[in-house]
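Participant: Submitted below is the structure of interest, expressed as structure tokens.
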Amino acid sequence: MSRGTLIDLLYLFSATTFIIALKGLGSPKHARRGNMVAAFGMLVAIVATFFNHVGGHSLRHVWLILLAMAIGVIVAVPTARFVKMTAMPQLVAIFNGVGGGAAALVSITEFIHIKSSHPATYVILEVLLGVLIGTVSFAGSAVAFAKLQELMTGRPVTYPGQQLINGVVGVAALALIVTILVTASTSLLWVLFALAFVLGVIFVLPIGGADVPVLISLLNAFTGLAVAASGFTLGSNLLIVAGTLVGASGILLTRLMSKAMGRSLSNVLFSAFGSVITASGATTRDDGRSVRSGTPEDIAILLGFSSRVVIIPGYGLAVAQGQHVLRELAELLEAKGIEVFYAIHPVAGRMPGHMNVLLAEANVPYEQLIELDEANSELATADVALVVGANDTVNPAAVDDPSSPIYGMPIIHADLAENVVFLKRSMRPGFAGIENDLLYNPKTTLVFGDAKDTLTKMVAAVKAN
Amino acid sequence: MHNVLLQYATVLILTAFVGTEIIAKVPSILHTPLMSGSNAIHGVILVGSMLILGGATTNLQEILGFLAVILATLNVVGGFVVTDRMLEMFKPRAPRVKETPRDEVAP
Chain A
1 MSRGTLIDLL
11 YLFSATTFII
21 ALKGLGSPKH
31 ARRGNMVAAF
41 GMLVAIVATF
51 FNHVGGHSLR
61 HVWLILLAMA
71 IGVIVAVPTA
81 RFVKMTAMPQ
91 LVAIFNGVGG
101 GAAALVSITE
111 FIHIKSSHPA
121 TYVILEVLLG
131 VLIGTVSFAG
141 SAVAFAKLQE
151 LMTGRPVTYP
161 GQQLINGVVG
171 VAALALIVTI
181 LVTASTSLLW
191 VLFALAFVLG
201 VIFVLPIGGA
211 DVPVLISLLN
221 AFTGLAVAAS
231 GFTLGSNLLI
241 VAGTLVGASG
251 ILLTRLMSKA
261 MGRSLSNVLF
271 SAFGSVITAS
281 GATTRDDGRS
291 VRSGTPEDIA
301 ILLGFSSRVV
311 IIPGYGLAVA
321 QGQHVLRELA
331 ELLEAKGIEV
341 FYAIHPVAGR
351 MPGHMNVLLA
361 EANVPYEQLI
371 ELDEANSELA
381 TADVALVVGA
391 NDTVNPAAVD
401 DPSSPIYGMP
411 IIHADLAENV
421 VFLKRSMRPG
431 FAGIENDLLY
441 NPKTTLVFGD
451 AKDTLTKMVA
461 AVKAN
Chain B
466 MHNVLLQYAT
476 VLILTAFVGT
486 EIIAKVPSIL
496 HTPLMSGSNA
506 IHGVILVGSM
516 LILGGATTNL
526 QEILGFLAVI
536 LATLNVVGGF
546 VVTDRMLEMF
556 KPRAPRVKET
566 PRDEVAP
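Just so you know, the protein sequences line up as chains A and B, in that order.
The opening position of the first sequence corresponds to residue 1 in this note's numbering, with each subsequent residue numbered one higher.
The opening position of the second sequence corresponds to residue 466 in this note's numbering, with each subsequent residue numbered one higher.
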């Protein structure tokens with residue numbers, strides 16, 4: 001067997017592991033093993049590549065490759081290992097973005113390389129698609145990172161004429177692609193690179209913070225497609241298979257995610273356009289309604305007299321790192337014979353499934369985690385709905401108010417319970433930036449302060465009773 | 466040469482169907498790890514980046530290839546490590562043995 005055939009066989013092996021891995025990632029039992037399988041397949045592909053030939057020569061610059069890899073590993077491992085669980089979404093965004101950037105660079109370099117040999121038009125088209133999609137993913141992920149990391153506002157950024165400007169940039173990019181197809185000009189390729197960067201930024205700006213996870217999933221699919229395009233250019237089946245797998249599954253996953261929010265994908269991506277007036281109108285509404293607030297000790301007594309408590313955790317819990325204290329409180333209540341459930345909204349936290357990860361980390365038993373439908377039937381007979389750091393996922397505006405940006409999203413009906421208790425940092429609206437009428441409901445008691453502090457005080461008070 | 470294009474297109478179309486088919490029934494709690502895991506898989510662009518740098522003949526190509534390898538390595542390594550960290554939380558739970566904290570608080 002020749003060296004080339006052996007390497008191709010190893011690549012085929014890697015491509016197969018990626019398919020097996022994706023399949024495994026879909027089931028809770030095999031997910032972790034699935035990830036390991038993919039990592040192993042990746043290692044095989046990388047090692048095999050060191051023995052590959054490019055243009056009839058063995059690989060040049062091996063030391064340079066190893067140096068670049070070492071730099072990547074030294075930066076990536078500590079970042080991925082030690083960043084807080086709450087910062088996971090932005091981490092995924094940035095790791096996705098650099099992949100898109102790499103795909104764009106590969107396409108550009110390959111173009112410079114093959115230009116002298118007068119490549120066929122379809123080859124240039126593959127290059128241009130790789131550059132365009134990869135760069136959009138890179139720039140878009142960077143903006144998504146900035147939004148999640150709160151380096152910039154999480155609100156949709158809108159300005160007059162936005163639709164027009166985006167349209168013009170989009171059309172310009174298309175015109176440029178056609179021009180480059182005809183002229184095969186390298187300098188115009190750099191212009192396309194810059195234009196794609198601008199396109200990525202302005203595409204993401206109007207998307208609100210709460211929708212960013214869906215966006216990251218879409219950009220993830222984009223990077224996959226950019227990798228597939230590079231695979232066409234380089235003539236690599238491995239890149240085509242892996243890129244297309246991620247592209248196809250990523251687009252489906254994006255649709256599943258927006259479905260979990262009760263919205264269509266186009267609504268998630270484009271709803272901020274032209275909605276400037278309604279959004280600002282809704283957030284500044286202040287008709288002097290009053291709220292009722294209580295102390296942690298009041299709530300501890302209320303909980304002590306309950307027979308069924310449903311906890312509705314949200315991102316605020318994660319930010320306060322209060323999940324361990326919350327579990328302690330729940331165990332105390334259980335010891336008193338009180339039934340405790342955690343109602344998990346599909347998009348609680350900042351990514352679907354984020355809250356499950358955080359609660360699992362705090363050793364909350366699986367059996368106590370209930371999903372949306374079950375939660376709503378439990379809430380009808382619950383004495384207390386304890387909302388810890390959640391807001392949008394319990395906002396009745398999603399049911400009552402057709403003008404609300406979250407209208408149509410399935411919510412947890414906390415208002416069905418006998419009493420509603422909100423642990424909140426302040427009266428500030430949630431991530432989606434929408435006022436919550438439930439706060440003004442006569443059933444509702446608010447406890448202001450850091451969720452972890454409040455929960456700690458509640459634990460002490462429950463113990464004392 | 467158009468046959469090559471056709472062969473790649475065949476791979477693309479078939480893989481697209483496989484990709485949508487195998488994740489069609491994923492429970493929502495696994496959406497985040499799945500996204501993160503597939504994020505690591507497209508890090509296979511590292512293979513492409515290595516070939517680009519390995520075939521570079523000018524300074525410009527070397528610089529671009531070098532950058533590409535760094536970025537792609539970040540994608541691969543970061544992607545797999547983050548996903549593993551997420552999935553660590555999903556390990557099958559042993560029967561709860563840590564009963565001590567509960568005993569000491571129950572009066």
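The beta carbon of each residue, even a glycine, is placed where N, CA and C say it ideally should be.
Quantities reported herein were computed from a predicted structural model and do not represent experimental measurements.
1. In whole angstroms, give me the CA-to-CA distance for GLU150 of chain A and ALA144 of chain A.
2. If we ignore side chains and look at the alpha-carbon of each, how far apart do THR183 of chain A and LEU532 of chain B end up?
3. Alpha carbon to alpha carbon, how far is PHE203 of chain A from LEU132 of chain A?
4. Excluding the 5 residues preceding and the 5 following LEU172 of chain A in the sequence, name in chain order all residues of the same chain whose CB lies nearer than 7 Å to its CB.
5. Does DSSP classify HIS324 of chain A as helix, strand or coil?
6. For VAL388 of chain A, decide whether its Cβ has a neighbour in chain B, counting only Cβ atoms nearer than 7 Å.
7. By DSSP, does SER290 of chain A sit in helix, in strand, or in coil?
8. Touch check for the stretch 466-480 of chain B and the stretch 58-77 of chain A: three-plus C-beta pairs under 8 Å?
9. Quick one: what's LYS424 of chain A bridged to in DSSP?
10. Please report the straight-line C-alpha distance between LEU43 of chain A and GLU367 of chain A, rounded to a whole angstrom.
11. In angstroms with no decimal places, state the Cα-to-Cα distance between HIS61 of chain A and ALA142 of chain A.
12. Select from A:PHE197, A:PRO206, A:ALA120, A:VAL399 the residue whose C-alpha is nearest the C-alpha of ARG155 of chain A.
13. Rounding to the nearest angstrom, what Cα-Cα distance links ASN391 of chain A and THR244 of chain A in this structure?
14. Residues bridged to PHE341 of chain A by DSSP?
15. Just how far apart, CA to CA, sit LEU416 of chain A and PHE232 of chain A?
16. Three or more C-beta pairs closer than 8 Å, one from the stretch 298-318 of chain A and one from the stretch 370-388 of chain A: is that the case here?
17. Closest to LEU329 of chain A by C-alpha separation, out of A:VAL77, A:LEU455, A:SER185, would be which residue?
18. Return helix, strand or coil for ILE406 of chain A, following the three-state DSSP convention.
19. Would DSSP call ALA489 of chain B helix, strand or coil?
20. When DSSP labels each residue in this structure, what does VAL388 of chain A get in the three-state scheme?
21. Expressed to the nearest angstrom, what Euclidean distance is found between the alpha-carbon atoms of VAL384 of chain A and ARG308 of chain A?
22. Which residues bound the alpha helix (DSSP H) around ASN166 of chain A?
23. Where does the unbroken alpha helix (DSSP H) through PHE500 of chain B begin, and where does it stop?
24. Please look up how many angstroms separate the CB atoms of LEU103 of chain A and SER293 of chain A, rounded, as I've assumed it's under 8 Å.
25. With 16 other CB atoms within 10 Å as the buried threshold, where does SER117 of chain A fall?
26. For GLU331 of chain A, I'd like the list of residues in its chain whose CB is within less than 6 Å of its CB, leaving aside the five on either flank, ordered along the chain.
27. Quick one, which residues of the stretch 39-56 of chain A are near chain B if we go by CB-CB under 7 Å, in chain order?
28. With a CB to CB cut of under 7 Å and the five nearest residues on each side skipped, what residues in its chain are close to VAL459 of chain A?
29. Helix, strand or coil for HIS57 of chain A per DSSP?
30. Please state whether the Cβ-Cβ distance between SER501 of chain B and THR548 of chain B is less than 7 Å.
31. Is the stretch 253-265 of chain A touching the stretch 205-223 of chain A, taking contact as three or more C-beta pairs under 8 Å?
32. Are the beta-carbon atoms belonging to GLY484 of chain B and ALA248 of chain A less than 7 Å from one another?
33. What distance in whole Å lies between the Cβ atoms of LEU358 of chain A and MET85 of chain A, which are believed to be in contact at a cut-off of 8 Å?
34. Just grab the DSSP bridge partners of ILE370 of chain A for me.
35. TYR342 of chain A and LEU302 of chain A: beta carbons closer than 7 Å?
36. Give the secondary structure of ASN419 of chain A by DSSP, where H, G and I count as helix, E and B as strand, and everything else as coil.
Facilitator: This is what the structure holds:
1. Taking the first residue of the first sequence as position 1, residue 150 of chain A is located at position 150. Taking the first residue of the first sequence as position 1, residue 144 of chain A is located at position 144. Each residue's alpha carbon lies about 10 Å from the other.
2. Translated into the one-based positions of the first sequence, residue 183 of chain A becomes position 183. Translated into the one-based positions of the second sequence, residue 532 of chain B becomes position 67. Roughly 27 Å between the two C-alpha positions.
3. Mapped onto the first sequence, residue 203 of chain A falls at position 203. Mapped onto the first sequence, residue 132 of chain A falls at position 132. Taking the straight line from one Cα to the other gives about 13 Å.
4. Walking along the first sequence from the start, residue 172 of chain A turns up at place 172. According to the sequence provided, residue 172 of chain A is Ala. The question's Leu does not apply to it. Cβ within range, chain order: LEU195.
5. Against the first sequence, residue 324 of chain A aligns to sequence position 324. Helix at HIS324 of chain A.
6. By one-based count along the first sequence, residue 388 of chain A stands at place 388. Among the residues facing chain B, VAL388 of chain A is not included, as its CB has no counterpart in that chain under 7 Å away.
7. On the first sequence, position 290 is the one that residue 290 of chain A refers to. Coil at SER290 of chain A, not helix or strand.
8. no
9. Locating residue 424 of chain A in the first sequence gives position 424, where the first residue counts as 1. Its beta-bridge partners are A:PHE448.
10. Position 43 of the first sequence, counted from the start, is the residue given in the question as residue 43 of chain A. Position 367 of the first sequence, counted from the start, is the residue given in the question as residue 367 of chain A. Going by the C-alpha atoms only, they are around 37 Å apart.
11. Here residue 61 of chain A corresponds to residue number 61 of the first sequence, with the count starting at 1. Here residue 142 of chain A corresponds to residue number 142 of the first sequence, with the count starting at 1. Straight-line Cα distance between these residues: approximately 30 Å.
12. Your numbering for residue 155 of chain A matches position 155 in the first sequence. Nearest of A:PHE197, A:PRO206, A:ALA120, A:VAL399 to ARG155 of chain A, Cα basis: A:PRO206.
13. As a working mapping, residue 391 of chain A is identified with position 391 in the first sequence. As a working mapping, residue 244 of chain A is identified with position 244 in the first sequence. Each residue's Cα considered, the two are about 37 Å apart.
14. The count along the first sequence starts at 1 and reaches residue 341 of chain A at position 341. Paired residues: A:VAL310.
15. Against the first sequence, residue 416 of chain A aligns to sequence position 416. Against the first sequence, residue 232 of chain A aligns to sequence position 232. LEU416 of chain A and PHE232 of chain A: Cα-Cα distance of roughly 56 Å.
16. yes
17. The residue given as residue 329 of chain A occupies position 329 in the first sequence. With distances taken between Cα atoms, LEU329 of chain A lies closest to A:LEU455.
18. On the first sequence, position 406 is the one that residue 406 of chain A refers to. Coil.
19. As a first step, residue 489 of chain B is located in the second sequence; it is residue number 24 there, counting from the start. Of the three classes helix, strand and coil, the one that applies to ALA489 of chain B here is coil, per DSSP.
20. What you label residue 388 of chain A is simply residue 388 of the first sequence in a count that begins at 1. Note: VAL388 of chain A maps to strand in three-state DSSP.
21. Here residue 384 of chain A refers to the residue found at position 384 when the first sequence is read from its first residue. Here residue 308 of chain A refers to the residue found at position 308 when the first sequence is read from its first residue. Roughly 7 Å between the two C-alpha positions.
22. Position 166 of the first sequence, counting from 1, holds the residue named residue 166 of chain A. Annotation: the continuous alpha helix (DSSP H) that includes ASN166 of chain A extends over 162-183.
23. Taking the second sequence and counting its residues from 1, one reaches residue 500 of chain B at position 35. Reading off the sequence, residue 500 of chain B comes out as Met, not Phe. MET500 of chain B -> alpha helix (DSSP H) spans 496-506.
24. Counted from its first residue, the first sequence places residue 103 of chain A at position 103. Counted from its first residue, the first sequence places residue 293 of chain A at position 293. For the record, residue 103 of chain A in the displayed sequence is Ala; it is not Leu. Rounded, the Cβ-Cβ distance is 52 Å, inconsistent with contact.
25. Translated into positions along the first sequence, residue 117 of chain A becomes position 117. Burial call: exposed.
26. Here residue 331 of chain A corresponds to residue number 331 of the first sequence, with the count starting at 1. Closer than 6 Å at the Cβ level, and outside the excluded window around GLU331 of chain A, lies no residue.
27. Of all residues in the stretch 39-56 of chain A, only ALA39, MET42, ALA45, ILE46, THR49, ASN52, VAL54, GLY55 place a beta-carbon less than 7 Å from a beta-carbon of chain B.
28. Position 459 of the first sequence, counting from 1, holds the residue named residue 459 of chain A. The residues are VAL325, GLU328, LEU329, LEU332.
29. As a working note, residue 57 of chain A is residue 57 in the first sequence. Here HIS57 of chain A sits in strand by DSSP.
30. Locating residue 501 of chain B in the second sequence gives position 36, where the first residue counts as 1. Locating residue 548 of chain B in the second sequence gives position 83, where the first residue counts as 1. The answer is yes: Cβ separation under 7 Å.
31. yes
32. Here residue 484 of chain B corresponds to residue number 19 of the second sequence, with the count starting at 1. Here residue 248 of chain A corresponds to residue number 248 of the first sequence, with the count starting at 1. Note that the C-beta distance between GLY484 of chain B and ALA248 of chain A is below 7 Å.
33. Sequence index remark: in the first sequence, residue 85 of chain A carries index 85 (1-based). Sequence index remark: in the first sequence, residue 358 of chain A carries index 358 (1-based). The Cβ separation is near 6 Å, so the contact holds.
34. For the purposes of this step, residue 370 of chain A is taken as the residue at position 370 of the first sequence. BP columns for ILE370 of chain A point to A:ALA343.
35. The residue you call residue 342 of chain A lines up with position 342 of the first sequence. The residue you call residue 302 of chain A lines up with position 302 of the first sequence. No, the pair does not count as a contact, with Cβ atoms beyond the cut-off.
36. As a first step, residue 419 of chain A must be located in the first sequence, where it is residue number 419. The answer is strand: DSSP assigns ASN419 of chain A an E or B state.
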